Amino acid sequence: MKFPRAFHGTRRTCLTLLAAAALASPLAAQAQLREVTYLLPAPGTLPAFGPWMLAQAKGYYEKEGLKVSFVTARGGVDVAKQVGAGNAVIGGAIGDTPIIARAQGIPVKAVAVLGAGSLMQLVSHKDERIESPRELKGKTVTVLAYTDTTYYALLGMLSKVGLTKNDVNIQAAGPAGVWQQFAAKKASAMAGTPDWTVNVMDTGAQVDILPADIYFKSMAQAILASDEVIQKDPELIQKLVRATLKGMKDIMADPKAAAQVYTQHVTVHKGKEASIQKAFELYNKYVYASQKVPGAMDEARLGDLQKFYVSNGVVPKETALKELYTNQFVGK
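No gaps in the numbering here: position 172 of the sequence shown is 172 in the numbering used here, and each next residue is one more.
Okay, here's the thing in structure tokens:
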């Protein structure tokens, strides 16, 4: 059957338009994504930021209509300063960072806490037989820095057994030295995180892990936002919190599968799937687990931490707890 020549021209035009539309639609969708700069307190390639990287790798941010770019700041307090100043709408730190930030007049809150446990564990060599912080007296312990929250968690653990920083040789060794010096047995213990613990274990060292929570209930990682953005753009904060918590839930549900996705996305860890899985399992055990509502801040725990910070001169006075966090974005 023959069609008029005019029909063929119309048909070609329709096919051309359909092809153009097919090509343009992904670009149009991409163009509609809202670009967001997310500040992290340390390089995003650290396994500690697994939930964030999984959320990006699995398209959770994109499904919320967001294109997230991660930028590294100089620690959690610097993140708080940048977020509070409006240089970024969102950032990562530790759940107790707002205590320090608010004391400096920085208007930020924790909008989610990734886990009910402490980010810090006291890690010691098995042959040291350290069963409590009491056995640290006179020994060397490495920490990241004297201004880091893991250091304050160590001081909190010591205080519960009647020791002070003067009873222990505490060495600020930096992000690599904190675990390398410990692995080389230049220290009896370290104020560690699951990332560093796995690094040490990968050297063949035999270690004992003592959760900080047993003695001192410090905090897990947190998501920070400014008072202004929480008030003016709560929908954006909701989307970022929801997507990031999905990443954490994936690690909790299946650390092995999560490690596979993670190493494909964070390519510096390609071939290290077993180590990443081990790190994720430690995060599950010591940090993420037992949180009744994923992302929720424990106000009583935050209050106790603030009292410790005030009594140790880290901050001059207490801030109203409701100014330090909000749970309005979790459980949704």
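C-beta atoms are modelled at their ideal positions from N, C-alpha and C, and glycine is treated no differently.
Treat the numbers as computed from the prediction; the structure is a model and nothing was measured.
Contacts around residue i, its chain only, beta-carbon distance under 6 Å, and the 5 residues preceding and following it disregarded
i      : result
VAL168 : LEU136, VAL141
ASP208 : SER124, LYS126
ALA57  : VAL261, HIS265
GLY84  : ILE106, PRO107, VAL108, SER226
PHE70  : TYR38, LEU40, GLY44
TYR309 : ILE99, VAL315
GLU318 : GLN306, VAL310
VAL229 : VAL89
Cβ-Cβ distance between residue i and residue j below 9 Å
i      : j      : result
ILE90  : ILE237 : yes
VAL77  : THR147 : yes
GLY50  : ALA253 : no
PRO211 : GLY117 : yes
ASN166 : TRP179 : no
SER188 : LYS249 : no
GLN277 : ALA258 : yes
Contacting residues, own chain, Cβ-Cβ under 8 Å from residue i (five flanking each side not counted)
i      : result
LYS160 : PRO133, TYR215, PHE216
PHE329 : VAL111, ALA112, PRO234, ILE237, GLN238, VAL241, ARG242, GLY295
LYS67  : GLN30, LEU33, ARG34, GLU35, VAL36, TYR61
THR193 : ALA48, LEU119, MET120, GLN121, THR150
PRO175 : ALA42, LEU144
Boundaries of the alpha helix (DSSP H) in which residue i is found, first to last residue
i      : result
SER226 : Per DSSP, SER226 belongs to no alpha helix (DSSP H); it is in the beta strand (DSSP E), 221-226.
ALA154 : For the record, residue 154 in the displayed sequence is Leu; it is not Ala. Where LEU154 is concerned, the enclosing alpha helix (DSSP H) stretches over 149-159.
VAL310 : 299-311
HIS265 : 255-265
ILE276 : 273-283
LYS378 : As displayed, the chain neither begins before 1 nor continues past 332, which places residue 378 out of reach and without an answer.
GLN181 : 174-183
ALA57  : 50-57
Secondary structure of residue i, DSSP reduced to three states
i      : result
VAL71  : strand
LEU236 : helix
THR208 : Residue identity check: residue 208 is Asp in the sequence provided, not Thr. In the structure shown, ASP208 sits in a strand (DSSP, three-state: E or B).
VAL330 : coil
ALA101 : helix
ASN199 : helix
LEU119 : coil
GLY138 : coil
ILE130 : coil
ALA66  : Here the sequence assigns Leu to residue 66, which means Ala is not the residue at that position. Looking at LEU66 - three-state DSSP - the assignment turns out to be strand.
ASN166 : helix
TYR325 : strand
VAL143 : strand
VAL314 : coil
GLY192 : strand
GLN231 : helix
THR319 : coil
Presumed contact (8 Å Cβ cut-off) between residue i and residue j, rounded CB distance
i      : j     : result
GLY247 : TRP52 : 6 Å
ALA340 : GLY86 : Outside the shown range of the chain, which is 1 to 332, sits residue 340, and nothing can be said about it.
Same chain, Cβ closer than 7 Å to residue i, five either side skipped, listed in chain order
i      : result
CYS321 : It should be pointed out that residue 321 corresponds to Leu in this sequence rather than to Cys. Closer than 7 Å at Cβ, skipping near neighbours: GLU299, LEU302, GLY303.
GLU281 : PRO255
ALA93  : PRO41, GLY76, VAL79, ALA80, ALA222, LEU224
LEU324 : PRO98, ILE99, ARG102, LYS109, ALA110, LEU302
LYS332 : GLN238, ARG242
TYR286 : GLY117, GLN121, PRO194, PRO211
Residue i, enclosing beta strand (DSSP E) - first and last residue
i      : result
ARG34  : 34-40
LYS109 : 108-113
ALA296 : Counting along the chain, ALA296 falls outside any beta strand (DSSP E), and DSSP gives it neither H nor E.
GLY92  : 90-94
Minimum Cβ-Cβ distance from residue i to chain B less than 9 Å
i      : result
PRO175 : Although the question refers to chain B, the structure presented lacks it and comprises just one protein chain.
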